[in-house]
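Asker:
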Amino acid sequence: MTETYFNWIDGDWAEGGAGLVSIENPGTGETVAQQHFADASDVERAVAAARRVHQSGVLTALRPVERGRMVRAMGDALLARLEENAQLLCREQGKTLWEARNEIRNSARYFEYYGNQAETLEGKQIPLGAGYFDFTVLEPFGVSAQIIPWNFPIEIAARSISCALATGNTCVVKSSELTPLATSLYGPAAKEAGFPDGALNILAGWGDEAGAALAGHPGVNQIVFTGSVATGSKIAAAAAKNIVPCVLELGGKSAAILCDDADLDAFEGEVRKGIWTNAGQICSAMSRIITHPDQRDTVVDRLTALAQSIDVGPGMERAVPMQGMGAMASGPQLERAEGLIARAEADGAKVAVGGRRLNQPGHFLPPTILTDVDPASEIAQTEVFAPVVCVLTAEDDAQAVEIANGTEYGLVGGVFTRNLDRATRAARQLRGGQIFVNEWFAGGVETPFGGYGKSGYGREKGREALWNYVQTKNVAIKLG
Ligand code: NAD
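As structure tokens, then:
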């Protein structure tokens, strides 16, 4: 008997109109559990519950520190069941157990950070002369709809749930159809933390059914979406139709510029982290490396040895930090990556290492390096969302920046050099929401994150994200 997971609507578990769906472990091919999927009528009930709580004013009536404490308690609940949550996440998503544990810790960090921010939001007083008293108030939008992808399901949900609740919004969250199980546990965690029934609703469901119904629902006041560009465009259209703001965190094709004076030993560690964690399914992955032609062969040899040293297999068997790499999240994702690699080879690229799926159950693509890649080719322009890195060459820093900026994306970028002037110049010229110097993923929950270009708009993380969840009201009082 497999376990069954439910939706969480208005403070209780609920079946769903779209029926039961089996959730597969991508690392073994086995069924992890059955999940009730929501349909449009479940979305209706969840939005109605969230609206009711918002309109009651119960969350905004609280002193912000109280809301903040409840948000922080949700993070504490995650950590109290760290191992249980991590194992469930590992089994439904395919990542290694050590990565799943990190994801739970990082998710708890969002609840800590935004819980602490709750009481820091303040309006201002605007001088209008002796005849007036004028001030601004920051108010929540109301119902925040949050549509989550499958690569970091718990962490990305934590990012928006914590910020929305801390600012006094209510939430309807739709998890990814591939990874709904662990996300559903946020429902009871909110209740235990003291949030009223209906403040947080968690739905599992298909994108074109529950997802579309939620994004287009007239009772939603703000939308946060993380996922592909194609879906992001549909979400933006739905938001425009209802005149509600949205935050779009979309894909990337981010480049690391490796200068000839960089510390190559340190760089290896950054590549390991940047493209070969989470099986490369990271929107801000280091999916391109741009280096000088004289240095290329040395770099490729070193990285090939590194790639071969990474032991790939089922996530549950890889619990030690930095031990191995897990599965890709689904069969179609693996097939898509294989198709891109095959077309890259047809375009003239060479596979230095990897490139072929492992012949075992589960969806495994080993760490893959492509060389001789034309910067204009499909593989250099398209997000593979897999453990695949392209090594490109540039004659000088200016050309490297040009190649780095030469895609429609602009999520993150990086430069590796010991020369501060080169680093600063590149950081200024790179087009992206976050630039890393000498450390990929440098930053944290405190630092703003989001895209330029087709990587989306709006910012998550940091104090910057708070402004996506509040609107300004100005109160002007005419004095007698
Ligand atoms: P996706 O766009 O297919 O799905 C994302 C979510 O949207 C899922 O919950 C899905 O059910 C839902 N959805 C699908 N169609 C919908 C519709 N018509 N209306 C409403 N919702 C719909 O993306 P994915 O395949 O789950 O995730 C991979 C992509 O997400 C990659 O391109 C990756 O770069 C991007 N991503 C970006 C970030 C970021 O922060 N920028 C983070 C993670 C993933």
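Numbers given in the numbering used here equal positions in the sequence shown, counted from 1, plus 11. The beta-carbon is built from N, C-alpha and C at its ideal position, and this holds for glycine as well.
1. Is the beta carbon of residue 174 within less than 7 Å of some heavy atom of the ligand NAD?
2. Whole-angstrom Cβ separation of residue 421 and residue 455, contact assumed at under 8 Å?
3. Note the first and the last residue of the continuous alpha helix (DSSP H) segment covering residue 408.
4. Got a sec? Which residues, its chain only, sit under 7 Å from residue 293 by beta carbon, not counting five neighbours each side?
5. Classify residue 331: buried if its beta carbon has 16 or more other beta carbons within 10 angstroms, exposed otherwise.
6. According to DSSP, is residue 272 part of a helix, a strand, or is it coil?
7. Looking at residue 479 and the ligand NAD, is the gap between the Cβ and the nearest heavy atom below 7 Å?
8. Starting from residue 361 and walking both ways along the beta strand (DSSP E), at which residues does that stretch end?
9. For residue 181, which residues of its own chain have a beta-carbon under 6 Å away from its beta-carbon, when the five flanking residues on both sides are left out?
10. Sort 415, 92, 411 and 405 by Cα distance to residue 393 and report the nearest one.
11. If we count the other Cβ atoms within 10 Å of its Cβ and call it buried at 16 or more, is residue 118 buried or exposed?
12. Could you tell me whether the segment 267 to 279 touches the segment 426 to 436, using the rule of 3 or more Cβ pairs below 8 Å?
13. Would residue 107 pass as a contact of residue 339 if the rule is Cβ separation under 8 Å?
14. What does the alpha-carbon distance come out to for the pair residue 405 and residue 115?
15. Just the C-alpha distance for residue 473 and residue 370, rounded to the nearest angstrom, thanks.
16. Looking at the secondary structure, which residues open and close the alpha helix (DSSP H) in which residue 65 lies?
17. Take residue 147 as the anchor and find which of 485, 389 and 491 has the nearest alpha-carbon.
18. Would you call the segment 178 to 195 in contact with the segment 20 to 37, where contact means no fewer than 3 C-beta pairs closer than 8 Å?
19. Go through its chain and collect everything with a Cβ distance to residue 134's Cβ below 7 Å, but skip five positions before and after it.
20. Have a look at residue 429 and residue 205 and give me their C-alpha separation to the nearest angstrom.
21. Identify every run of the alpha helix (DSSP H) within the segment 165 to 242, keeping only runs that are complete inside it and at least 4 residues long; order them along the chain.
22. Would you mind stating whether residue 164 and residue 194 have Cβ atoms separated by less than 8 Å?
23. Evaluate residue 112 with the Cβ neighbour count: other Cβ atoms within 10 Å of its Cβ, from every protein chain shown; 16 or more gives buried, anything less gives exposed.
24. Would you kindly work out how many angstroms separate the C-alpha atoms of residue 417 and residue 448, rounded to a whole number?
25. Is the distance from the Cβ of residue 364 to the Cβ of residue 296 below 8 Å?
26. Kindly give me the distance between the Cβ atoms of residue 221 and residue 384, rounded to whole angstroms, as I take these residues to be in contact under 8 Å.
27. Alpha carbon to alpha carbon, how far is residue 309 from residue 80?
28. Shortest alpha-carbon distance to residue 316 belongs to which of 282, 77 and 214?
29. Beta-carbon within less than 7 Å of residue 76's beta-carbon, same chain only, minus the 5 sequence neighbours each way: which residues are those?
30. Which stretch, first to last residue, makes up the alpha helix (DSSP H) that contains residue 350?
31. From what residue to what residue does the beta strand (DSSP E) around residue 159 run?
32. When the Cα atoms are used, what is the spatial distance from residue 226 to residue 212?
Answerer: Quick look at the numbers:
1. Not under cutoff, so the answer is no.
2. The Cβ separation is near 21 Å, so there is no contact.
3. Annotation: the continuous alpha helix (DSSP H) that includes residue 408 extends over 408 to 415.
4. Counting only Cβ-Cβ distances below 7 Å, and skipping sequence neighbours, we find 162.
5. Result: exposed.
6. Coil at residue 272, not helix or strand.
7. Relative to the ligand NAD, residue 479 has its C-beta separated by 7 Å or more from all heavy atoms.
8. In the DSSP annotation of this structure, the continuous segment of the beta strand (DSSP E) that includes residue 361 starts and ends at 361 to 364.
9. Annotation for residue 181: 61, 64, 65, 154 and 210 place their beta carbon closer than 6 Å to its own, counting only its chain and skipping 5 residues before and after.
10. Nearest option by C-alpha distance: 415.
11. That one is buried.
12. Short answer: they touch.
13. Against a cut-off of 8 Å, the Cβ pair of residue 339 and residue 107 comes out as no contact.
14. The alpha-carbon separation between residue 405 and residue 115 amounts to approximately 39 Å.
15. Looking at the two C-alpha atoms, the distance is approximately 43 Å.
16. Secondary structure note for residue 65: its alpha helix (DSSP H) is the uninterrupted segment 51 to 67.
17. For the residues 485, 389 and 491, the minimum Cα distance to residue 147 belongs to 485.
18. These segments touch.
19. In the same chain as residue 134, and ignoring 5 residues on each side of it, the C-beta atoms closer than 7 Å to its own belong to 146, 147, 148 and 149, in chain order.
20. Those two C-alpha atoms are separated by around 50 Å.
21. Entirely contained in the segment 165 to 242, the alpha helix (DSSP H) runs reaching 4 residues are, in chain order, 197 to 204 and 223 to 226.
22. Contact: yes.
23. Buried: at least 16 other Cβ atoms inside 10 Å.
24. When the Cα atoms are used, residue 417 and residue 448 turn out to be separated by approximately 20 Å.
25. Taking 8 Å as the Cβ cut-off, residue 364 and residue 296 do not qualify as a contacting pair.
26. About 39 Å; that fails the 8 Å criterion.
27. Straight-line Cα distance between these residues: approximately 52 Å.
28. For residue 316, the nearest C-alpha among the options comes from 282.
29. Contacts found: 129 and 130.
30. It spans 342 to 357 - the alpha helix (DSSP H) in which residue 350 sits, taken as one unbroken run.
31. For residue 159, no beta strand (DSSP E) run applies, since DSSP gives it neither H nor E.
32. If you take the alpha carbons of residue 226 and residue 212, they lie about 15 Å apart.
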